[in-house]
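**Student:** The numbering of the sequence shown is numbering that gives the first Met the number 0, which starts it at 0 and goes up by one.
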Amino acid sequence: MALERTFSIIKPDATRRNITGKVLSYIEAAGLRVVAQKRLHLTKEQAEGFYAVHKERPFFNDLVAFMISGPVVVQVLEGENAVATYREVMGATNPANAAEGTIRKDLAESIEANSVHGSDAPETAAQEIAYFFKDEEIVG
Ligand code: UDP
Numbered sequence: 000m001a002l003e004r005t006f007s008i009i010k011p012d013a014t015r016r017n018i019t020g021k022v023l024s025y026i027e028a029a030g031l032r033v034v035a036q037k038r039l040h041l042t043k044e045q046a047e048g049f050y051a052v053h054k055e056r057p058f059f060n061d062l063v064a065f066m067i068s069g070p071v072v073v074q075v076l077e078g079e080n081a082v083a084t085y086r087e088v089m090g091a092t093n094p095a096n097a098a099e100g101t102i103r104k105d106l107a108e109s110i111e112a113n114s115v116h117g118s119d120a121p122e123t124a125a126q127e128i129a130y131f132f133k134d135e136e137i138v139g
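#1: Which residue from Ile67, Val34, Leu39 and Ala35 puts its Cα closest to that of Tyr50?
#2: Under a CB-based cut-off of 9 Å, is Asn93 close to chain B?
#3: Nearest-angstrom Cα distance between Ala97 and Ala91?
#4: Helix, strand or coil for Lys141, going by three-state DSSP, please let me know.
#5: So, are the CB atoms of Val71 and Leu39 less than 9 Å apart?
#6: Using C-beta distances below 7 Å, list every residue in its chain close to Gly139, excluding the 5 sequence neighbours before and after it, in chain order.
#7: From Pro11, Glu55, Ala83 and Gln74, pick the residue whose C-alpha is nearest to that of Asp119; which is it?
#8: Can you tell me the Cα-Cα spacing of Phe132 and Gly100, whole angstroms?
Right under this line is the structure:
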């Protein structure tokens, strides 16, 4: 299987609780490697643009407010089958439904404040990576 990249956000609920290292330990234990990373405080425009696909959903405004409520850590992760591997490690969107041993089961606070974002497909991953990183910022 070829190496693949995915895009990750460690969300404000995790930076607020100072558990970004704990989240990272799940990522690395799954065999994924951080090949780019930075800490940012998203602007409203950045958060709205990133989640534009959800703009008609009832939770959109609250989600944007949450995503700008504190710093985030954006990352590019690399590994075999990285998109699917990370989705598995993240667990279901709602932590109440997330499998044992996943980031969201163990660490998330709620369906909204669910600690991490991960791309849902390789095409989305490429778009999301390009939204935050220049090619030269990614060191594989
Ligand atoms: N979200 C929310 N309420 C919902 C569904 C989703 O606040 O009812 C938030 C949550 O933070 C989630 C994000 O919107 O991670 C994007 O939703 P999506 O369905 O894409 O879930 P994900 O791919 O993150 O599991």
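Ideal placement from N, C-alpha and C gives every residue a C-beta, glycine not left out. None of these values were measured; they are calculated from a predicted model.
**Tutor:** For this structure:
#1: Locating residue 50 in the sequence shown gives position 51, counting from the first residue. Nearest Cα to Tyr50 within the set Ile67, Val34, Leu39 and Ala35: Ile67.
#2: Considering every chain present, this structure includes no chain B. It has just one protein chain.
#3: Your numbering for residue 97 matches position 98 in the sequence shown. Your numbering for residue 91 matches position 92 in the sequence shown. Here the alpha carbons of Ala91 and Ala97 stand approximately 4 Å from one another.
#4: With the chain running from 0 to 139 in the structure shown, residue 141 is simply not present.
#5: Reading the sequence shown from its first residue, position 72 is the one you call residue 71. Reading the sequence shown from its first residue, position 40 is the one you call residue 39. It is a contact, given that the beta carbons lie within the stated cut-off.
#6: Counted from its first residue, the sequence shown places residue 139 at position 140. Hits under 7 Å: Val34 and Glu77.
#7: Against the sequence shown, residue 119 aligns to sequence position 120. Ranking Pro11, Glu55, Ala83 and Gln74 by Cα distance to Asp119 puts Ala83 first.
#8: For the purposes of this step, residue 132 is taken as the residue at position 133 of the sequence shown. For the purposes of this step, residue 100 is taken as the residue at position 101 of the sequence shown. Between Phe132 and Gly100, the C-alpha separation is close to 30 Å.
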